[in-house]
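A.B. asks:
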Amino acid sequence: MTAAQDEKDFIQVRELSKLFHSADSEEHILSDLNFTAQRGEIITVLGVSGTGKSTLLNMLGGIDRPTAGSVVIGGKDVTRLDDAGLTAFRRDTIGFVFQFYNLIPSLTAQENVLSALEAQRRLTRQDEAEAQQALNSVGLSAKADKFPEQLSGGEQQRVAIARAIIKHPPLILADEPTGNLDPQTGEQVMKVLVEHARRTAATLLIVSHNPAFCAISDRSLSLADGRLTPRDT
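Everything in the sequence shown is counted per the working numbering, starting at 20 for the first residue and increasing by one.
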C-alpha cells in the first residue's frame, strides 16, 4: 500500500492484538491484525461465536483497549486517547448498533433516539423533529411514544438503529444487528442500515456469523484464530 493510499483510509488498524490473562494461562483473542477501510465502505466481518468479533468492534469504538497495536480513525489515534477523549470520540464519531438493543427502559422510543443527541448538546424542537424523522426512516413513526417493553424485538432494534444514525456519524459499528430477529425483520434491519450508510457516505462495519450480510457489503472478511482474512463472496 502506498503512502497516498494510506492517507485515504478512514480506518487504519495496525498490528492490533488483544490478550486476556487468567490465573494460569493467557489467551490471544486477536493477533497482529492489520486492516483498513475507506470512508463510505460497507464491510462485514464473519466469524463464529468466541472468535473476537465483538472485541474487535469494541476496540474500534474505543470501548476496549488493545494489548498492542493502534487504531486510527479519521486521522485520530483512538488507542492514545484518555477517557475524556474516548468519550468525545464515541459521541462525535461512532453510531453503535448492539445485538441486545441497549435501550433505556424508562424512555420512550423517541426519547431513546434523542439520548444520542443529548450527549452532544442541549435538545431543541428541531432535535425532536429529527428524532421523529429518524424513527420514520425505520418505519416506526407511529411508535414514538411507546416504551421498549411495548415493542417487539425487531422494533426495538430499529429504534436502536434510529438512535445510531440520528447524529449522522461517519462510522457505524453493528454487532450482530439481526442476531435476535426473525429472517424477515432481519432483512428489513439490514436494508435500513445499508441505505443509510450509502446515503450519508458513512463507513459501516458489521460483525456477524450470518453470511447473508456479505451480499450487501463491498467487502467481506473472516475472523478466525485471531486473524482476519479476505473472504470470497
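All residues carry an ideal CB built from backbone N, CA and C; glycine is no exception.
Can you tell me whether THR248 is buried or exposed, with buried defined as 16 or more other CB within 10 angstroms of its CB?
C.D. replies: The residue in question, THR248, is exposed, as its Cβ has fewer than 16 Cβ neighbours within 10 Å.
A.B. asks: I'd like the list of long-range same chain contacts for THR74, defined as Cβ closer than 8 angstroms, with 5 residues on each side in sequence excluded.
C.D. replies: Result list for THR74: LYS37, ILE48, LEU49 and ASP83, in chain order.
A.B. asks: Roughly how many angstroms separate the alpha carbons of ALA153 and SER239, rounded to a whole number?
C.D. replies: Roughly 28 angstroms separates the two Cα atoms.
A.B. asks: What ranges does the alpha helix (DSSP H) occupy inside the stretch 159-194, keeping only unbroken runs of at least 4 residues that lie completely in it?
C.D. replies: The stretch 159-194 contains these whole alpha helix (DSSP H) runs: 172-184.
A.B. asks: For the structure I just gave you, are there three or more beta carbon pairs, one from the stretch 199-213 and one from the stretch 76-90, closer than 8 angstroms?
C.D. replies: In short, these stretches do not touch, since the Cβ pair count stays below three.
A.B. asks: For the candidate residues PRO124, ALA183 and SER68, whose alpha-carbon lies nearest to that of LEU170?
C.D. replies: The shortest Cα separation from LEU170 among PRO124, ALA183 and SER68 belongs to PRO124.
A.B. asks: Between the alpha carbons of LEU142 and VAL97, how many angstroms are there, rounded?
C.D. replies: Each residue's alpha carbon lies about 28 angstroms from the other.
A.B. asks: Mind checking ALA193: buried by the 16 CB within 10 Å criterion, or exposed?
C.D. replies: Looking at its Cβ environment, which holds 16 or more other Cβ atoms inside 10 Å, ALA193 is buried.
A.B. asks: Would SER68 be called buried (16 or more neighbouring beta carbons within 10 Å of its own) or exposed?
C.D. replies: Under this definition SER68 is an exposed residue.
A.B. asks: Give a yes or no on whether the C-beta atoms belonging to PRO189 and THR70 are separated by under 8 angstroms.
C.D. replies: No, the Cβ-Cβ distance between PRO189 and THR70 is not below 8 angstroms.
A.B. asks: Report buried or exposed for ASP25, applying the criterion of at least 16 other Cβ atoms within 10 angstroms of its Cβ.
C.D. replies: Unreliable positioning characterises ASP25 in this predicted model, as indicated by a pLDDT of 48, which lies under 50. The coordinate reading is nonetheless provided below. Under this definition ASP25 is an exposed residue.
A.B. asks: Between the Cα of ASN77 and the Cα atoms of ILE61, ALA107, GLU46 and PHE117, which residue gives the shortest distance?
C.D. replies: With distances taken between Cα atoms, ASN77 lies closest to PHE117.
A.B. asks: Which residue from VAL132, HIS228 and GLN139 puts its Cα closest to that of ARG177?
C.D. replies: Cα-wise, what sits closest to ARG177 is VAL132.
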